[in-house]
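Number of protein chains: 2
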Amino acid sequence: MADMNKMVSEITSMDEDFAKWYTDICRKAELVEYTSVKGCMVIRPYGYAIWEHMQRILDGMFKATGHENVCMPMFIPESLLNKEKDHVEGFAPEVAWVTHGGSEKLEERLCVRPTSETLFCEHYANIIQSWRDLPKKYNQWVSVVRWEKTTRPFLRSREFLWQEGHTIHATAAEAIEETERMLDVYADFCENDLAMPVVKGRKTESDKFAGAVATYAIEALMHDGKALQAGTSHYFGDGFAKTFGIQFSDKDNKRSFPHQTSWGVTTRLIGAVIMTHGDDNGLVLPPAVAPIQAVIIPVAQHKPGVLEKVNEVAAALSGVARVKVDDSDNSPGWKYSEYEMKGVPVRIEIGPRDIEKGQCVLVTRHNREKVFVSLDDLPTVLPEKLKEVRDGLYAKALANREKHTYCCIDKADIIAKLEELGDGFVKAPWCGEEACEDDVKETTGVGSRCISLTEEPSDSDVCVCCGKKAKHIVYWGKAY
Amino acid sequence: MADMNKMVSEITSMDEDFAKWYTDICRKAELVEYTSVKGCMVIRPYGYAIWEHMQRILDGMFKATGHENVCMPMFIPESLLNKEKDHVEGFAPEVAWVTHGGSEKLEERLCVRPTSETLFCEHYANIIQSWRDLPKKYNQWVSVVRWEKTTRPFLRSREFLWQEGHTIHATAAEAIEETERMLDVYADFCENDLAMPVVKGRKTESDKFAGAVATYAIEALMHDGKALQAGTSHYFGDGFAKTFGIQFSDKDNKRSFPHQTSWGVTTRLIGAVIMTHGDDNGLVLPPAVAPIQAVIIPVAQHKPGVLEKVNEVAAALSGVARVKVDDSDNSPGWKYSEYEMKGVPVRIEIGPRDIEKGQCVLVTRHNREKVFVSLDDLPTVLPEKLKEVRDGLYAKALANREKHTYCCIDKADIIAKLEELGDGFVKAPWCGEEACEDDVKETTGVGSRCISLTEEPSDSDVCVCCGKKAKHIVYWGKAY
Chain Y
63 MADMNKMVSE ITSMDEDFAK WYTDICRKAE LVEYTSVKGC MVIRPYGYAI WEHMQRILDG
123 MFKATGHENV CMPMFIPESL LNKEKDHVEG FAPEVAWVTH GGSEKLEERL CVRPTSETLF
183 CEHYANIIQS WRDLPKKYNQ WVSVVRWEKT TRPFLRSREF LWQEGHTIHA TAAEAIEETE
243 RMLDVYADFC ENDLAMPVVK GRKTESDKFA GAVATYAIEA LMHDGKALQA GTSHYFGDGF
303 AKTFGIQFSD KDNKRSFPHQ TSWGVTTRLI GAVIMTHGDD NGLVLPPAVA PIQAVIIPVA
363 QHKPGVLEKV NEVAAALSGV ARVKVDDSDN SPGWKYSEYE MKGVPVRIEI GPRDIEKGQC
423 VLVTRHNREK VFVSLDDLPT VLPEKLKEVR DGLYAKALAN REKHTYCCID KADIIAKLEE
483 LGDGFVKAPW CGEEACEDDV KETTGVGSRC ISLTEEPSDS DVCVCCGKKA KHIVYWGKAY
Chain G
63 MADMNKMVSE ITSMDEDFAK WYTDICRKAE LVEYTSVKGC MVIRPYGYAI WEHMQRILDG
123 MFKATGHENV CMPMFIPESL LNKEKDHVEG FAPEVAWVTH GGSEKLEERL CVRPTSETLF
183 CEHYANIIQS WRDLPKKYNQ WVSVVRWEKT TRPFLRSREF LWQEGHTIHA TAAEAIEETE
243 RMLDVYADFC ENDLAMPVVK GRKTESDKFA GAVATYAIEA LMHDGKALQA GTSHYFGDGF
303 AKTFGIQFSD KDNKRSFPHQ TSWGVTTRLI GAVIMTHGDD NGLVLPPAVA PIQAVIIPVA
363 QHKPGVLEKV NEVAAALSGV ARVKVDDSDN SPGWKYSEYE MKGVPVRIEI GPRDIEKGQC
423 VLVTRHNREK VFVSLDDLPT VLPEKLKEVR DGLYAKALAN REKHTYCCID KADIIAKLEE
483 LGDGFVKAPW CGEEACEDDV KETTGVGSRC ISLTEEPSDS DVCVCCGKKA KHIVYWGKAY
């Protein structure tokens, strides 16, 4: 219940200290709480409800694209993790090792899954014999563990919740199509449901997932001008299949190696929402994932008829949106601050004078616009307003990204623009050489985020580093 | 896809070898697959979909009774687990220990949660100050690990999926009411949705959860006459609160210790469904949790108009039930066996002659009854049939339990009845002494499953062991 000390004034302002502003929101909006296990957090009801809405929407999108949920064990025997060389090199340094079961030392150490490619491969080898067994399009909603040194709620934690899709196909073409399709699913979800514009791209060789042929990602720009990787989709070719001995008989009875993908998004998306839409009054939630889409606050609730009317209005809205009535004994002013802090998209105020006029005051969180709405029209107006909020959030985030995307021609230009305009995406051509990628990072501080999938360099574009002919348009940035 | 070798005849008959019959179903109905991690399994799409339906229904029941979902870390520091003496004694011998993160040895070992009371207590201590903060009614859907020696799919595995409810209340009365309410929720779910009758009872002192004041359980009787604990609900009193320093200021500003509960059900319920309803043709699923509630099998599907009609019928049923059309190139006979094996409650056959007559053949899995249904009536008849299936399954399971519940007066009677009638529930009065409980177990082989909550001994009832005045009616049995 309400803690009267918790006031909006307690949030650090974004401009003063962005990192502190972020953790203030995480704590004061009651999304997370720390625990005695370093780097692991409690996701509290309000934070978890946001994740449940993300899950529900994404799970529907996965099922609509033909995927089935499964559940693999959380443990991976050391020998199984070690099978794929690149993969183990990428993950072994950051896994948690189980060495004892009860009082007995295990014969073989087990790692707590950092990701489950090896388990899926072992399973595929057991269940795939013929072309009739393909494709398998699996997903699981689980938590994984990576032993990070520095941690921050949602953005980087030792245990985090995610979904990992794993699919296996008869042909490379089909697997590549799947990789791209799931990147599109993620981008659609982020843009439509989270109101967060993303850049779709491919990672450079040095930034690929351990064991992948190609890694695709969606990148979003946060309020502070830093980039955040919001989802990844990997194409594995038949490398894992060869290592794990997964083969199938095709229609001509020839033995072939199938092609694989994996793709994932995590609770990091909650961090992305905070840092894309939040402001100095707290969280601002896109309606699709808001646990409460509209809060109704009675004014002068002790006066006869107010609470009755408020409950009547709430009942009329019950099939329309996720609505909460706050009839606690806190003051309306306190409640306004509380639900602003919690990022509830729409606030509805109803007092005796409103009731007399058959109206209410409707305030949208993201722009604090106030309008009077007739109570009869509310069930029609509220969904329109929620749509307006989503569109308004998206437009604002897109404008911010555009303002902070700098087209640069050389390293000096990058340094100058970042200095003058602040952190942001640097959009600049690249020759494709790793040496130039490293040089840009070292000289300017921005690393390659992704190679654009939609933009190609013109004939006259040259690498931002070496001045040779450019092969790609790359988004560079400082990253979370 | 279909494996032509997989035929019904391959299932071991229940009477021949019940344990093998069980694992045959788990494997051949594609519920689980083994992995290289001993005692951990892959839950395959068909098995996981059953769990998803269980989750969806239970989660709705939890939310309707005022609970919120959260997510705690999967790790518990050794010192935190050690805080509550009874609790750690109960769980420490069977936990998995993480000792290393990456290449570094941890300063303190972490156990993979076997259950999360200690984490919830630590969290409560952080967030509860006043009576306004109470109650907290939390639940989480996670997996837990217990390092069991012998394992069987769903029934006993080293990692299993479950939900754990954890609540904390200002008064003992409120916490006890919660403990009982959640036992009722579990019983309602098992009886209504899983069509599985349960006995509601209280565990004896020796069989309580580690750290609990009282443990309540629902017990079900399996086909082979063994008892299965299907869910538990614990009342903790204020013991954990005292150990973990959880206090709140009441309305008079006096500091008090709150009272706690926890309650859980697991993927073991899938095992319960298999062993309550399954038969020698395979799985039999109660409609509420069946991934496919009705399968439509076209007969002579190459003939013009058959597939068109089948798809039209499926479309008409789309809002009515979870319906699948199998138009694969396997024979109708193979398909009949396949979906019997998979326990699909209703099979609908549609061939050219049926189409001429505007009808279909509808077969209910549990009793193999065949009826002709007019295609126009199907959207009305199908839900009725699904209800009939649930009721039929429940009646059959209840009759089986009644047939195998033996009222006994002394140990010789128990031995004689079990010998004559086979394993089952023994219903017999008990004096309340642990020595008698142990003696019964040792002499007759059946242990106390639970003390009935609804039945009281009469004045003349005497303990089945010592002959002294009886205090309780106890259900005894051999247990999974």
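Protein chains in written order, with the working numbering: chain Y, 63 to 542; chain G, 63 to 542. Even for Gly, the Cβ is constructed at its ideal location relative to N, Cα and C. Everything numeric in this text was worked out from a predicted model, so none of it was measured.
Here residue 230 of chain Y is not near residue 181 of chain Y, since their CB atoms are 8 Å or more apart. In terms of Cβ geometry, residue 486 of chain Y and residue 217 of chain Y do not form a close pair [threshold 8 Å].
DSSP, reduced to helix, strand and coil, places residue 528 of chain Y outside both helices and strands of the structure shown, so it counts as coil. By the neighbour-count criterion, in which a residue is buried when 16 or more other Cβ atoms sit within 10 angstroms of its Cβ, residue 109 of chain Y is buried. Per DSSP, residue 117 of chain G lies in no beta strand (DSSP E) segment; the continuous alpha helix (DSSP H) that holds it begins and ends at 107 to 126.
With a threshold of 8 Å between beta carbons, residue 228 of chain G makes no contact with chain Y. Here residue 465 of chain Y is actually not in contact with residue 537 of chain Y; their C-beta atoms are around 15 Å apart, not less than 8 Å. Contact with chain Y is absent for residue 186 of chain G, since none of that chain's Cβ atoms lies less than 8 Å from the residue's Cβ. Contact annotation: residue 141 of chain Y and residue 166 of chain Y have beta-carbon atoms that are not nearer than 8 Å. For residue 227 of chain G, the enclosing beta strand (DSSP E) stretches over residues 221 to 231.
For residue 111 of chain Y against residue 345 of chain Y, the beta-carbon gap comes to about 13 Å, at or over 8 Å, which does not count as contact.
By DSSP's assignment, residue 360 of chain G forms a beta bridge with G:412. If you draw a 10 Å sphere on the C-beta of residue 202 of chain G, you find 16 or more other C-beta atoms in it, and that means buried. For residue 328 of chain G, the enclosing beta strand (DSSP E) has its first and last residue at 321 to 328. Counting along the chain, the unbroken beta strand (DSSP E) around residue 201 of chain Y starts and ends at 198 to 207. Among the residues of chain G, none has a CB under 8 Å from the CB of residue 311 of chain Y; the nearest is roughly 12 Å distant. In the structure shown, residue 262 of chain G falls within a strand segment according to DSSP collapsed to helix, strand and coil. In this structure, the CA atom of residue 306 of chain G is about 58 Å from the CA atom of residue 474 of chain Y. The three-state reading of DSSP puts residue 382 of chain Y in coil, since its state is none of H, G, I, E or B. In this chain, the beta strand (DSSP E) harbouring residue 422 of chain Y covers 421 to 426.
The stretch 97 to 107 of chain G makes contact with the stretch 182 to 190 of chain Y; the number of CB pairs closer than 8 Å reaches 3 or more. Between residue 281 of chain G and residue 247 of chain G, the C-beta spacing is not below 8 Å. Between residue 293 of chain Y and residue 279 of chain Y, the alpha-carbon positions lie close to 6 Å from each other.
Put simply, the CB of residue 155 of chain Y is near chain G, with a gap under 8 Å to one of its CB atoms. Looking at the DSSP output, residue 291 of chain Y bridges to Y:281. Proximity to residue 121 of chain G across Y:114, Y:360, Y:132 and Y:503 peaks at Y:114, based on C-alpha coordinates. Contact note: residue 143 of chain G does not reach chain Y at a C-beta cutoff of 9 Å; the least C-beta distance is about 11 Å.
Unbroken beta strand (DSSP E) stretches of 3 residues or longer found wholly inside the stretch 429 to 516 of chain Y: 431 to 436, 467 to 469, 487 to 492 and 509 to 514, given in chain order. For residue 306 of chain Y, the uninterrupted alpha helix (DSSP H) segment begins and ends at 301 to 306. Between the C-alpha atoms of residue 264 of chain G and residue 242 of chain G there is a straight-line separation of about 10 Å.
Using a C-beta cut-off of 8 Å, the stretch 347 to 363 of chain Y makes contact with the stretch 248 to 258 of chain Y, since at least three inter-stretch Cβ pairs fall below that distance. For residue 167 of chain Y, the enclosing beta strand (DSSP E) covers residues 166 to 174. Beta-bridge partners of residue 130 of chain Y (DSSP): Y:200. In this chain, residue 95 of chain Y is not harboured by any alpha helix (DSSP H); it is covered by the beta strand (DSSP E) spanning 94 to 96. Considering only G:511, G:532 and G:321, the residue with the shortest C-alpha distance to residue 521 of chain G is G:532.
Spatial neighbours of residue 221 of chain G in its own chain (CB-CB distance under 6 Å, excluding positions within 5 residues in sequence) are listed in chain order as 102, 205 and 207.
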